[in-house]
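What follows is a single structure, written as structure tokens, with notes after it.
Residue numbers (the UniProt record's numbering): 1 to 120.
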């Protein structure tokens, strides 16, 4: 049951990253001028989906605090590497992002590291 806190942290972190990536292109590029930048970022923040990404990050932090009551940091933290794997796989399917040998090898090393550290 306690592992659900780690899963919740991963899930809500991934959700936040994906929804923000999904919505940002609707607004174009970040302007150069400071005032325009601030207005641009405020518009982004007020987008309901992007706002849900921020809320998701907050919920992920609550899950992480709960996980810290159940596990040692050195055990739980490597699982956060799974966010890289889930975001990568999701971005390939959802956003048609590229798959390269180096990305796959990097993710394989992350998964191997998680496997090894969870056994220790």
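From the three backbone atoms N, C-alpha and C, an ideal C-beta is built for every residue, glycine too.
Just so you know, these numbers come straight off a predicted model, no measurement behind them.
Close beta carbons around residue i, own chain, < 7 Å, minus the five adjacent residues each side
| i | result |
| --- | --- |
| residue 92 | 99 |
Buried or exposed by the 16-neighbour rule on C-beta atoms within 10 Å, applied to residue i
| i | result |
| --- | --- |
| residue 118 | exposed |
| residue 2 | exposed |
| residue 74 | exposed |
| residue 96 | exposed |
| residue 56 | buried |
| residue 76 | buried |
| residue 108 | exposed |
| residue 33 | exposed |
Within 8 Å, strictly: CB atoms of residue i and residue j
| i | j | result |
| --- | --- | --- |
| residue 15 | residue 67 | no |
| residue 106 | residue 81 | no |
| residue 43 | residue 27 | yes |
| residue 40 | residue 30 | yes |
Cβ of residue i within 8 Å of any chain C Cβ
| i | result |
| --- | --- |
| residue 48 | Although the question refers to chain C, the structure presented lacks it and comprises just one protein chain. |
Proximal residues to residue i (C-beta, below 6 Å), its chain only, five neighbours per side dropped
| i | result |
| --- | --- |
| residue 64 | 9 |
| residue 110 | 81, 84 |
Own chain, CB closer than 8 Å to residue i, minus 5 neighbours either side, in chain order
| i | result |
| --- | --- |
| residue 94 | 18, 22 |
| residue 90 | 14, 18 |
inquiry  = Would the segment 83 to 92 count as touching the segment 7 to 23 if we require 3 or more Cβ pairs under 8 Å?
reply    = Contact holds between the segment 83 to 92 and the segment 7 to 23, because three or more Cβ pairs, one in each stretch, are under 8 Å apart.
Whole alpha helix (DSSP H) elements within the UniProt domain "EamA" (6 to 118), 4-residue minimum = 34 to 46, 48 to 68, 73 to 76, 82 to 95
message = Can you confirm whether the segment 12 to 31 touches the segment 42 to 51 when touching is taken to mean that 3 or more C-beta pairs between the two stretches lie within less than 8 Å?
response = yes
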